[in-house]
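Peer 1: All residue numbers for the sequence shown refer to my numbering, where the first residue is 27 and numbers rise by one.
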Amino acid sequence: MFKKGFQGSSKTKVKQSVQRSLRAKLVEQFPLLEPYIDEVFPKKSDLELIKAPEKVSLYAVDGEIIFFQHHDTIYPHLKLVHKFPQAFPTVQVDRGAIRFILSGAQLMCPGLTSPGARLPPPEDAIPAEKVVAINAEGKEHACMVGKLKMGTEEIKRINKGVGVETVHYLGDGLWDLGVE
């Protein structure tokens, strides 16, 4: 989505009523974020909306992009995932997938099921279409944010095809975007 750099077209302040609904939607989509929501998204701070190409809305607090929205789905910015890694569902890829992720490729199922990779146990399975952070084997921070194309149990069973759709990764246009 953000392979190339881009410029935000317009920047506007978001009303308090809209901010409250966004906070509620964030907590609904990412329940693990609830204990940190006041830190991530302070009630009295100014939230800015930046329009980007392809109907993407970027939301920034104090000049730092914290999340973005494409259609009805909200995605965290990787810098936010790095600050609060425990607040987002996570899967891990093996070392062999890292270079493909950093070039913007879709994440294939074998990269999630091979030795070194880690999917949640069956009782904590993540369903399809959920937003997840992708960690890499041997690395401290997440390297990608994506949307599961199939549930984690289905990934283990089928082990073929695209497992996670790449949305935002280290070094892409959004990572490099500065907000003045």
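Ideal placement from N, C-alpha and C gives every residue a C-beta, glycine not left out. Bear in mind the structure is a predicted one, so any value in this text is a computation, not a measurement.
1. Where do the ends of the beta strand (DSSP E) carrying Ser-83 lie?
2. Go ahead and label Ala-123 buried or exposed: buried means 16 or more other beta carbons lie within 10 angstroms of its beta carbon, across all protein chains shown.
3. Quick one, are the C-beta atoms of Asp-130 and Val-119 less than 8 Å apart?
4. Is it true that the segment 153 to 164 meets the segment 95 to 104, where meeting means three or more beta-carbon pairs spaced less than 8 Å apart?
5. Compare the beta carbon distance of Leu-203 and Ile-127 with 8 Å and say whether it is the shorter of the two.
6. Quick one: give me the first and last residue of the alpha helix (DSSP H) that Phe-67 is part of.
7. Please report the Cβ distance between Phe-94 and His-103, rounded to the nearest whole angstrom; I am assuming they are in contact, meaning their Cβ atoms lie under 8 Å.
Peer 2: Taking the geometry as given:
1. 82 to 87
2. buried
3. Correcting the residue type first, residue 130 is Gly in the shown sequence and not Asp. No, Cβ-Cβ distance for Gly-130 and Val-119 is not below 8 Å.
4. Pairwise C-beta distances place the segment 153 to 164 in contact with the segment 95 to 104, as three or more of them are shorter than 8 Å.
5. no
6. If you look at Phe-67, you'll find it isn't in any alpha helix (DSSP H); DSSP assigns it neither H nor E.
7. 7 Å
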